[in-house]
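Numbering (my numbering), first residue to last: 270 to 359.
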């Protein structure tokens, strides 16, 4: 719909998730269990149909909330993850 409509919104693609987010987690010495939990929480967003695949800002916020409620990963690590993901979603 012209200038006011765009199907693309800022998001983290499947490739970016693997190359930037998971690499960031690995470089920060997260446990394999915590890394797998992050992958599981965001898997649904990454496996949507092609036009919607990716993790948008709202899904990042929701995923971080789920991870915080799990109590398995420290708040400081999750805050760092959220910041990194939002930076990648620009």
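Backbone N, C-alpha and C fix where the C-beta goes; we use that ideal spot for every residue, glycine too. For clarity, every value in this text was computed on a predicted model and none was experimentally measured.
Using only CA atoms, which one of the options lies nearest to residue i?
| i | options | result |
| --- | --- | --- |
| residue 352 | 333, 339, 340, 338 | 333 |
| residue 356 | 308, 326, 296, 295 | 326 |
List the endpoints of the continuous alpha helix (DSSP H) containing residue i.
| i | result |
| --- | --- |
| residue 332 | 326-339 |
| residue 296 | 292-296 |
| residue 312 | 301-315 |
Give the secondary structure of residue i by DSSP, where H, G and I count as helix, E and B as strand, and everything else as coil.
| i | result |
| --- | --- |
| residue 280 | strand |
| residue 345 | helix |
| residue 352 | helix |
Would you kindly work out how many angstroms separate the C-alpha atoms of residue i and residue j, rounded to a whole number?
| i | j | result |
| --- | --- | --- |
| residue 300 | residue 307 | 11 Å |
| residue 302 | residue 350 | 15 Å |
Can you tell me whether residue i is buried or exposed, with buried defined as 16 or more other CB within 10 angstroms of its CB?
| i | result |
| --- | --- |
| residue 313 | exposed |
| residue 298 | exposed |
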